[in-house]
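Protein chains: 2
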Amino acid sequence: MKLNADKWFTEVYSDDGCALSLEFSEKLHEEQTGWQKLEIYQTTGFGRLMLLDGCIMLTDRDNFIYHEMMTHPVLCSHPDPKRVLIIGGGDCGCLREVLKHKGIKHVHQVDLDERVTWASEKYFPDLCESNNDERAIFSFTDGVAFVEQAEAGSYDVIIVDSVDPVGQAARLYSEDFYRACFNALSEKGIMIAQSESPLFHKSLIESMQSRMAGVGYNDISSLFFPQCTYPSGWWSASMAFKDGKPSEFRKVDIETKYYNNDIHQAAQAVPQFMRNSD
Amino acid sequence: MKLNADKWFTEVYSDDGCALSLEFSEKLHEEQTGWQKLEIYQTTGFGRLMLLDGCIMLTDRDNFIYHEMMTHPVLCSHPDPKRVLIIGGGDCGCLREVLKHKGIKHVHQVDLDERVTWASEKYFPDLCESNNDERAIFSFTDGVAFVEQAEAGSYDVIIVDSVDPVGQAARLYSEDFYRACFNALSEKGIMIAQSESPLFHKSLIESMQSRMAGVGYNDISSLFFPQCTYPSGWWSASMAFKDGKPSEFRKVDIETKYYNNDIHQAAQAVPQFMRNSD
Numbered sequence: 182m183k184l185n186a187d188k189w190f191t192e193v194y195s196d197d198g199c200a201l202s203l204e205f206s207e208k209l210h211e212e213q214t215g216w217q218k219l220e221i222y223q224t225t226g227f228g229r230l231m232l233l234d235g236c237i238m239l240t241d242r243d244n245f246i247y248h249e250m251m252t253h254p255v256l257c258s259h260p261d262p263k264r265v266l267i268i269g270g271g272d273c274g275c276l277r278e279v280l281k282h283k284g285i286k287h288v289h290q291v292d293l294d295e296r297v298t299w300a301s302e303k304y305f306p307d308l309c310e311s312n313n314d315e316r317a318i319f320s321f322t323d324g325v326a327f328v329e330q331a332e333a334g335s336y337d338v339i340i341v342d343s344v345d346p347v348g349q350a351a352r353l354y355s356e357d358f359y360r361a362c363f364n365a366l367s368e369k370g371i372m373i374a375q376s377e378s379p380l381f382h383k384s385l386i387e388s389m390q391s392r393m394a395g396v397g398y399n400d401i402s403s404l405f406f407p408q409c410t411y412p413s414g415w416w417s418a419s420m421a422f423k424d425g426k427p428s429e430f431r432k433v434d435i436e437t438k439y440y441n442n443d444i445h446q447a448a449q450a451v452p453q454f455m456r457n458s459d
Numbered sequence: 182m183k184l185n186a187d188k189w190f191t192e193v194y195s196d197d198g199c200a201l202s203l204e205f206s207e208k209l210h211e212e213q214t215g216w217q218k219l220e221i222y223q224t225t226g227f228g229r230l231m232l233l234d235g236c237i238m239l240t241d242r243d244n245f246i247y248h249e250m251m252t253h254p255v256l257c258s259h260p261d262p263k264r265v266l267i268i269g270g271g272d273c274g275c276l277r278e279v280l281k282h283k284g285i286k287h288v289h290q291v292d293l294d295e296r297v298t299w300a301s302e303k304y305f306p307d308l309c310e311s312n313n314d315e316r317a318i319f320s321f322t323d324g325v326a327f328v329e330q331a332e333a334g335s336y337d338v339i340i341v342d343s344v345d346p347v348g349q350a351a352r353l354y355s356e357d358f359y360r361a362c363f364n365a366l367s368e369k370g371i372m373i374a375q376s377e378s379p380l381f382h383k384s385l386i387e388s389m390q391s392r393m394a395g396v397g398y399n400d401i402s403s404l405f406f407p408q409c410t411y412p413s414g415w416w417s418a419s420m421a422f423k424d425g426k427p428s429e430f431r432k433v434d435i436e437t438k439y440y441n442n443d444i445h446q447a448a449q450a451v452p453q454f455m456r457n458s459d
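First to last, the protein sequences are chains W and L.
The C-terminal position of the first sequence is numbered 459 in this note's numbering, with every residue numbered one higher than the one before it.
The C-terminal position of the second sequence is numbered 459 in this note's numbering, with every residue numbered one higher than the one before it.
Pasting the structure below:
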């Protein structure tokens with residue numbers, strides 16, 4: 182069957198001979214920002230859709246899984262997180278989830294492209310409902326430079342909510358960046374970074390985690406979760422602990438759609454084919 | 182981007198405004214069997230692909246997750262499974278996994294369409310590598326009638342590896358069928374049925390499980406797992422226990438690519454939005 186390109190947006194994952202398409206009723210916005218092409222569509226089955234440079238960033242329907250899994254597991258793994266840094270995350274979905282945790286004193290969100298946050302405030306108001314929380318701080322600047330210049334030990338949790346490792350974003354996957362995060366983290370600090378698909382990008386996950394281990398984190402842990410509109414429908418995040426155990430986490434009572442205490446533990450179960458590479 | 186229909190197969194999930202495409206280099210086979218249209222493609226990224234009536238049944242690359250999750254959890258949840266019935270499953274992938282368990286005395290695979298098994302033997306030889314095991318029995322007949330006529334208590338585990346609940350296959354989702362399975366199961370018997378996508382088909386999962394409970398099973402449990410080439414990339418199976426607890430399972434040492442003891446437990450963690458319907 183052939184899809185009508187006037188009604189369907191298609192993202193091709195060329196390395197894997199695979200493509201995902203979403204049907205839309207209207208293109209709501211398109212611009213070339215200083216950094217990338219930004220598009221917003223109204224889809225028929227997934228609510229609104231945001232693209233950056235033709236890649237699906239998020240949809241109304243399924244972003245809850247990603248945003249919850251990028252925030253609650255790492256926050257609950259820290260004994261008392263107060264100061265959080267988000268690198269990327271311009272759609273503000275992670276920010277909203279972080280601010281559900283009562284103990285948080287401030288969250289600093291650092292994204293290069295102010296227009297992503299502008300578009301999210303306009304087209305994804307749910308994600309931005311905590312943007313006016315007085316604990317939220319926004320900087321629109323280079324995340325790598327920001328972390329390099331951050332005061333040592335000034336964050337309890339760093340969340341790297343970045344796009345794929347191409348172009349500018351590739352620096353967010355480097356050993357230098359992981360080392361800068363290590364220095365910016367407090368004694369029991371933890372960083373988490375999205376780490377692509379277990380099915381499509383196993384070697385990327387392995388190399389990311391090996392780089393994290395290389396700069397001195399004492400334990401690395403993977404989280405696995407479904408993510409319908411990302412390549413392969415299956416996604417991962419990698420947590421790097423300065424001084425803590427992935428198996429220990431605080432049980433919290435916050436409102437979520439995907440995450441809960443059972444899911445926290447379950448997400449850490451490692452499929453056999455990912456173990457075999459040990 | 183528009184995909185060239187000469188090089189890409191596309192399955193549209195119309196209810197959800199979503200489509201998955203796989204690039205192929207060659208169509209290897211096409212026939213109208215007595216029951217359905219059967220096609221085999223050579224893809225560029227997923228090995229071989231089998232379609233029935235235009236729906237993706239399996240690919241070489243990702244079928245391991247589905248087949249392992251449809252077999253090992255249910256078998257390990259039974260104290261000593263010896264007699265197994267597979268309804269559907271003509272590709273023989275479940276059969277192969279079941280036969281990895283040493284205690285199995287016989288597995289009876291009952292699929293309507295002999296041509297599916299023919300095609301699997303020809304194009305997916307890996308899946309069929311245990312077809313000549315002397316414990317394997319094949320019948321090509323109607324699964325519902327077969328179960329209704331089965332001797333009471335004659336199976337320890339029944340695996341319902343069926344297509345979506347449309348046409349002929351809809352009967353495999355009925356209360357009558359679940360009752361027939363209940364009768365055919367031994368005292369500590371367990372049935373498992375594939376139950377579609379948590380993201381796309383939540384109400385189907387709920388109604389299946391409610392029908393299972395309605396015919397007398399004493400406990401019902403869900404399994405969740407990624408499945409790249411099925412709608413939404415996220416899938417489920419439902420287990421119904423005559424007399425057992427989903428939380429108890431035997432640890433086994435068998436060769437797998439996805440399943441292991443941690444994954445068994447993890448797959449039972451219920452996402453918050455699926456709990457809210459309790």
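Glycine included, each C-beta is placed from N, C-alpha and C at the ideal position.
Computed from a predicted model, the values in this text were never measured in an experiment.
For L:Arg392, the closest of L:Trp415, L:Tyr440 and L:Ser419 by C-alpha to C-alpha distance is L:Ser419. Around the Cβ of L:Asp187, a 10 Å sphere holds fewer than 16 other Cβ atoms; the residue is exposed.
Under the DSSP definition of a beta bridge, W:Lys218 partners with W:Gln213. With a cutoff of 8 Å on beta-carbon distance, L:Gly226 and W:Gly198 are scored as near each other.
Pairing W:Asn364 with W:Gly334, the inter-Cα distance amounts to about 6 Å. For chain W, none of the residues of the stretch 230–242 of chain L brings a beta carbon within less than 7 Å of one of its beta carbons. For W:Tyr247, no chain L residue has a C-beta closer than 8 Å to its own C-beta; the minimum C-beta separation is roughly 13 Å.
Close partners of W:Ser417 in chain L (Cβ separation under 9 Å) are lacking, with about 11 Å as the shortest Cβ gap. Proximity of W:Val279 to chain L, defined by a Cβ-Cβ separation below 8 Å, is not satisfied. Boundaries for W:Gly395: no beta strand (DSSP E) harbours it, while the alpha helix (DSSP H) harbouring it runs Lys383 to Gly395, taken from the DSSP string. Contact with chain L is found for W:Asn441, since one of that chain's Cβ atoms lies less than 8 Å from the residue's Cβ. Among the CB atoms of chain W, none fall inside 8 Å of the CB of L:Ser258. Chain-order list of chain L residues neighbouring W:Lys208: empty, with the shortest C-beta distance near 14 Å, by a criterion of under 9 Å. Comparing alpha carbon positions, the residue from L:Phe422, L:Cys409, L:Glu278 and L:Gly215 closest to L:Asp323 is L:Gly215. The alpha carbon of L:Ser376 has as its nearest neighbour, out of L:Val451, L:Pro452, L:Gln390 and L:Val279, the alpha carbon of L:Gln390.
For W:Glu295, the enclosing alpha helix (DSSP H) covers residues Glu295 to Tyr304. Beta-carbon to beta-carbon, W:Phe319 and W:Gln290 are separated by about 5 Å, close enough to satisfy the 8 Å threshold. Contact check for W:Val265 against W:Val341 fails: the beta carbons are separated by 8 Å or more. Take L:Glu249, set aside five residues on each side of it, and the residues of its chain with a beta-carbon closer than 8 Å to its own are Glu278, Thr437, Lys438, Tyr439 and Tyr440, in chain order.
Taken through DSSP and simplified to helix, strand or coil, W:Met251 comes out as coil. For L:Ala350, no CB of chain W lies under 8 Å from its own CB, so it is not counted at the interface with that chain. L:Asp342 is bridged by DSSP to L:Gly269. Minimum Cα-Cα distance from W:Phe381 among the listed residues W:Tyr194, W:Tyr222, W:Trp189 and W:Leu184 corresponds to W:Tyr194. DSSP places L:Arg456 within a helical segment (H, G or I) once states are collapsed to three. Rounded to whole angstroms, the separation of the alpha carbons of W:Ala421 and W:Ala361 is 13 Å.
Within a 10 Å sphere around the beta-carbon of W:Asn244 sit 16 or more other beta-carbons, which makes this residue buried. At least 8 Å separates the beta-carbon of W:Gln217 from that of W:Asp307.
Of the residues L:Pro260, L:Ile386 and L:Lys303, the one whose Cα lies closest to the Cα of L:Leu209 is L:Lys303. Relative to the Cα of W:Glu332, the nearest Cα in the group W:Pro254, W:Ser367, W:Gly235 and W:Met372 belongs to W:Ser367. One alpha carbon belongs to W:Lys423, the other to W:Gln453, and they sit about 26 Å apart. Think of a sphere of 7 Å around the beta carbon of L:Leu203: the chain W residues whose beta carbon falls inside it are Gly198 and Cys199, in chain order.
Burial state of W:Val347 is exposed, judged by a 10 Å Cβ sphere holding fewer than 16 other Cβ atoms. Bounds of the beta strand (DSSP E) holding W:Ala374 are Leu366 to Gln375. In its chain, beyond the 5 residues on either side, Ile246, Gly414, Trp415 and Trp416 have a beta carbon closer than 8 Å to the beta carbon of L:Pro407. Contact check for W:Glu211 and W:Thr224: beta-carbon distance about 15 Å, past the 8 Å limit, so the pair fails to qualify. A Cβ-Cβ contact shorter than 8 Å links L:Arg316 with L:Ile285.
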